[in-house]
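Under my numbering, the final residue of the sequence shown carries the number 175; numbering is consecutive throughout. Just so you know, even glycine gets a beta-carbon here, dropped at the ideal spot from N, CA and C. Predicted, not measured: the structure shown is a model, and the values here were computed from it.
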Amino acid sequence: MRPVLLRHAVRAVILDEDDRVLLCRFAIPDPVGKIVWAAPGGGIEPGETPLGALRRELLEEVGLVLGLDADPPHVWHQVVVARGHAVGYDGVVNDYFLVRTVWFEPRGALSDDALAAENISGLRWWHLGHIAGYRGSDLFSPRDLATPLGALIALGVPARPVLLGL
10 MRPVLLRHAV RAVILDEDDR VLLCRFAIPD PVGKIVWAAP GGGIEPGETP LGALRRELLE
70 EVGLVLGLDA DPPHVWHQVV VARGHAVGYD GVVNDYFLVR TVWFEPRGAL SDDALAAENI
130 SGLRWWHLGH IAGYRGSDLF SPRDLATPLG ALIALGVPAR PVLLGL
């Protein structure tokens with residue numbers, strides 16, 4: 010039996026001054042055919058540190074420059090073991106970092122074609138209430154995003170990263 014191969018990734022919970030969170034719209038192609046709203050981020054490349062990967066991903070996907078002196082807190086940890094969840098892997102390990110910023114118009118350094126190749130088809134700022142009350146067919150990642158996001162906004166940075174479900 011071969012070992013489980015998990016993709017290690019970093020994600021940013023980007024909150025503006027009004028506690029809106031910036032999410033990427035991922036259009037997952039067939040056979041899944043789903044729309045998933047998730048925090049910006051992606052895989053850690055060989056030789057990259059988690060924060061180095063976070064800086065690169067934020068610049069590429071949303072155009073946010075995270076300074077070299079920035080040390081965003083690690084707030085959530087998620088392990089998803091599911092074939093097909095990440096192409097070429099048996100699942101993913103996501104580490105989420107809190108990034109506080111003023112509102113900005115997100116526009117990453119990647120071209121629209123490059124973003125589409127990563128299945129990103131949009132960016133949007135969301136209020137917690139809109140996520141909690143959402144009744145459409147799109148999904149959030151994690152599925153119950155409103156719960157840990159509400160706790161993060163209300164209680165601040167946890168003493169240790171909160172373990173998330175799917």
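Of all the options the options, which has the alpha carbon lying nearest to the alpha carbon of residue i?
i	options	result
D78	E69, A36, L60 and H17	L60
W85	G142, Y105, G165 and E26	Y105
L107	V166, Y143 and T156	V166
A118	A160, R133 and E70	E70
Please report the Cβ distance between residue i and residue j, rounded to the nearest whole angstrom; I am assuming they are in contact, meaning their Cβ atoms lie under 8 Å.
i	j	result
A18	V101	6 Å
P115	L132	4 Å
F35	I129	6 Å
R16	G52	5 Å
L73	I23	7 Å
Mind checking which residues open and close the alpha helix (DSSP H) that includes residue i?
i	result
H139	L137 to A141
V71	P59 to V71
I162	A155 to L164
Return helix, strand or coil for residue i, following the three-state DSSP convention.
i	result
A21	strand
D104	strand
L77	coil
L14	coil
L124	helix
Would you mind reading off the limits of the beta strand (DSSP E) that contains residue i?
i	result
A36	V30 to I37
A47	K43 to A47
L172	V171 to L173
L148	L148 to S150
Rounded to a whole number of angstroms, what is the C-alpha to C-alpha distance between residue i and residue j?
i	j	result
V89	R144	24 Å
I147	V171	A small fix is needed here, since residue 147 is Asp in this sequence, not Ile. Answer to the nearest angstrom: the Cα atoms are 24 Å apart.
E66	A160	25 Å
V164	G97	The question names Val, but residue 164 in the sequence shown is Leu. L164 and G97: Cα-Cα distance of roughly 37 Å.
D27	A168	23 Å
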